[in-house]
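Below is one structure, written out as structure tokens; the observations come after it.
2 protein chains.
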Amino acid sequence: MCLPRGLSSNDLEKLDQIVARTQPIHKGDVLFHAGDKFSGIFAVRTGCIKLATSTEQGDEQIIGFYFPGEIIGLDGIENDLHTCTAVALDTSCLCFIGFQHLSDVCTEVPALSEQMFRLMGRELSHEHNLLLTITKKHADGRIATFLLSLSSRFKILGYSEVEFRLPMSRSEIGNYLGLTFETVSRCLSKFQKQGLIEINHKYITILDIDALNAVCNETTPAENLRKSAS
Amino acid sequence: MCLPRGLSSNDLEKLDQIVARTQPIHKGDVLFHAGDKFSGIFAVRTGCIKLATSTEQGDEQIIGFYFPGEIIGLDGIENDLHTCTAVALDTSCLCFIGFQHLSDVCTEVPALSEQMFRLMGRELSHEHNLLLTITKKHADGRIATFLLSLSSRFKILGYSEVEFRLPMSRSEIGNYLGLTFETVSRCLSKFQKQGLIEINHKYITILDIDALNAVCNETTPAENLRKSAS
DNA sequence: CGTTACGTTGATAGGAATCAATGAGGGTGG
DNA sequence: CCACCCTCATTGATTCCTATCAACGTAACG
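Sequences listed follow chains A and B, in order. Take 1 as the starting number for the first sequence in the working numbering and just add one per residue. Take 231 as the starting number for the second sequence in the working numbering and just add one per residue.
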């Protein structure tokens, strides 16, 4: 499992008792909607889930894509209401941990409480990084960053870091990175022409990871924004 | 104080014992640096603090501006290291709560634990909103949104919601909103010409709050990004 | 085999970044 | 106390990136 880390086997047992394996859900299925009552958190076992918030006007902003080992649902802890919508991008299996159980165990096991804080902290850093990527990088850099992020996560999961399938559409990538799908498509084509990657529909092969890294670190737009650092 | 909410007076007492009032810090002083060891969290009592992350290349991204009653330092919970830098924008007073003490009291008082989760959840929603603002709105909308956010926060603090001082520079506003300081300046001037606000250096008067709200909700760029909602 | 959603590619336009020059305040030192 | 410096802010001219509009190709699905 994914949640525990530094828990005693005794504590692990307690945790294990409250974890439920859910039925697989299919592409397009909604795990929870923004506004739904918060009932607990989910751990992705297989597949991929996207999380998105939205404005009153109905535009949606994708917050992240979640792969096996990653946790979703923390957005509901604040007010017992989910602020995000979670949708499966592929057939996916999840574990569910009811919040009532979880907080019971948390009071018994302080280490689990800490672990929960860490998870929320991770969400926060993820969003910090996303903000940095969006505000400081051009389209090229954002997409290169995105591809490398996927690559490193797949590697951790034991899959190939250079050859993988994108579970999300161009449109979703664009939404996530603050770009239009046309721009995403164009950048991917450009990277292919430059020999950085090879694209076959949803399948990507990274040919030159160093060059991609270089694109990530390219000159930032709004050089002068740095001045506020001083 | 700011942290408690729904705590018993008994619990409050425990909390009170571990809160330390710190010496006032001055404009430009650094409360903690990214990379510093995490020692505890701060509550702003007076003044204003900015929080920022940065890339390896040194560009900084301002994450938020924190006013009295707001909490900073949660970014350090994940790895016991701060991921943000906190800088005073004005002379400011803060309370400090050491993390060791805090987690001790948390295990005794589950309600406080929940409160901490809620605080982190609030940080998360704040960043979701910021992302939405940056990716879905033009410069005008971002700045109008920013002004209205300040306005409502000042109102809560008991200050005027239509007349206030901006503790941060144009450059910092721009950094926060993903714009250059020139664009910020231009938009503010434009709003003034349109009779929405009046600017006097750092002092702002909101003349037409409804019109500002309208600017916030204006047509979004990248209309087609919505399609991924379907 | 048509329908539909998704993806690619091209042409154009618009908004904000960049470059540049000038002005206003605040602090320091003579 | 005034002159100077330096940072912050304003405003204008130009450029560049990416959104937008549009047409077409391709894959998946019933």
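All C-beta atoms, glycine included, are put in the ideal place defined by N, C-alpha and C. Treat the numbers as computed from the prediction; the structure is a model and nothing was measured.
Counting along the chain, where does the beta strand (DSSP E) carrying residue i start and finish?
i: Val-215(A); result: Element bounds for Val-215(A): not the beta strand (DSSP E) but the alpha helix (DSSP H), 209–216.
i: Phe-326(B); result: 323–328
i: Gly-294(B); result: 290–296
i: Phe-262(B); result: 260–262
i: Glu-198(A); result: 197–200
i: Gly-40(A); result: 40–46
i: Tyr-433(B); result: 433–436
i: Glu-402(B); result: It is not in any beta strand (DSSP E) - Glu-402(B) instead sits in the alpha helix (DSSP H) that spans 400–407.
i: Glu-163(A); result: 163–165
Would you say residue i reaches chain B, if we count a Cβ-Cβ gap shorter than 8 Å as a contact?
i: Glu-127(A); result: yes
i: Asn-10(A); result: no
i: Gly-178(A); result: yes
i: Leu-53(A); result: In the sequence as presented, Leu is not what sits at residue 53(A); that position holds Thr. Yes - at least one Cβ of chain B is within 8 Å of the one on Thr-53(A).
Would you call residue i buried or exposed, if buried means 16 or more other Cβ atoms sit within 10 Å of its Cβ?
i: Lys-50(A); result: buried
i: Tyr-433(B); result: exposed
i: Ala-374(B); result: buried
i: Ala-282(B); result: buried
i: His-312(B); result: buried
i: Ser-460(B); result: Since pLDDT at Ser-460(B) reaches only 37, below the 50 mark, its modelled position is unreliable, and no value is offered.
i: Asn-405(B); result: buried
i: Gly-303(B); result: buried
i: Asp-75(A); result: buried
i: Thr-85(A); result: buried
i: Glu-13(A); result: exposed
i: Ile-386(B); result: exposed
i: Ala-318(B); result: buried
i: Thr-91(A); result: exposed
i: Gly-265(B); result: exposed
i: Asn-224(A); result: A caution first: Asn-224(A) carries a pLDDT of 46, below 50, which makes its placement in the model unreliable, though a value can still be read off. It counts as exposed.
i: Gln-330(B); result: exposed
i: Glu-402(B); result: buried
i: Thr-22(A); result: exposed
i: Leu-140(A); result: Note on identity: in this sequence residue 140(A) is Asp, with Leu being the wrong assignment. Buried: at least 16 other Cβ atoms inside 10 Å.
i: Thr-435(B); result: exposed
i: Asp-289(B); result: buried
i: Gln-247(B); result: exposed
If we define contact as Cβ-Cβ less than 8 Å, is residue i a contact residue for chain A?
i: Asp-305(B); result: yes
i: Asn-443(B); result: no
i: Leu-418(B); result: no
i: Leu-360(B); result: yes
i: Asn-430(B); result: no
i: Glu-393(B); result: no
i: Glu-308(B); result: yes
Please report the residue range of the alpha helix (DSSP H) in which residue i lies.
i: Glu-300(B); result: No alpha helix (DSSP H) contains Glu-300(B), which DSSP labels as neither H nor E.
i: Leu-51(A); result: Unbroken run through Leu-51(A) is the beta strand (DSSP E), 49–54; no alpha helix (DSSP H).
i: Val-184(A); result: 181–193
i: Thr-315(B); result: That residue, Thr-315(B), is in no alpha helix (DSSP H); its beta strand (DSSP E) goes 315–318.
i: Glu-127(A); result: 110–136
i: Gln-57(A); result: First-last for Gln-57(A): undefined, no H or E at that position.
i: Asn-10(A); result: 9–18
i: Leu-380(B); result: 369–386
State yes or no: is the C-beta of residue i nearer than 7 Å to some heavy atom of the ligand FMN?
i: Cys-95(A); result: With respect to small molecules bound, the structure shown includes none, and the ligand FMN cannot be examined in it.
Exercise. Using a Cβ-Cβ cut-off of less than 8 Å, give me the residues of the region 310–342 of chain B that come near chain A, in sequence order.
Key: Those residues of the region 310–342 of chain B that come within reach of chain A (Cβ to Cβ, closer than 8 Å) are Thr-313, Cys-314, Ser-333, Cys-336, Thr-337, Pro-340.
Quiz item: Touch check for the region 130–139 of chain A and the region 352–365 of chain B: three-plus C-beta pairs under 8 Å?
Solution: Counting Cβ pairs under 8 Å, three or more are found: they touch.
Practice problem: May I ask you to list, following chain order, the residues of the region 55–69 of chain A that have a beta carbon less than 9 Å from some beta carbon of chain B? | Solution: Here the close residues are Thr-55, Glu-56, Gln-57, Gly-58, Asp-59, Glu-60, Gln-61, Ile-62, Ile-63.
Practice problem: Taking a Cβ distance cut-off of 8 Å, strictly less, list which residues of the region 365–389 of chain B are near chain A, in chain order. | Solution: Result list: Thr-365, Lys-366.
Quiz item: Any chance the region 84–95 of chain A sits against the region 36–49 of chain A, with 3 or more Cβ pairs inside 8 Å?
Solution: Contact between the region 84–95 of chain A and the region 36–49 of chain A is present: three or more C-beta pairs spanning the two stretches fall below 8 Å.
Self-check item: Short-range partners of chain A found in the region 343–354 of chain B, where Cβ spacing is below 8 Å
Solution: Flagged, chain order: Ser-343, Glu-344, Met-346, Phe-347, Arg-348, Met-350, Gly-351, Arg-352, Glu-353, Leu-354.
Quiz prompt | Three or more C-beta pairs below 8 Å linking the region 344–351 of chain B and the region 251–259 of chain B | solution = Taking one beta carbon from each stretch, the region 344–351 of chain B and the region 251–259 of chain B have fewer than 3 pairs nearer than 8 Å; the two do not touch.
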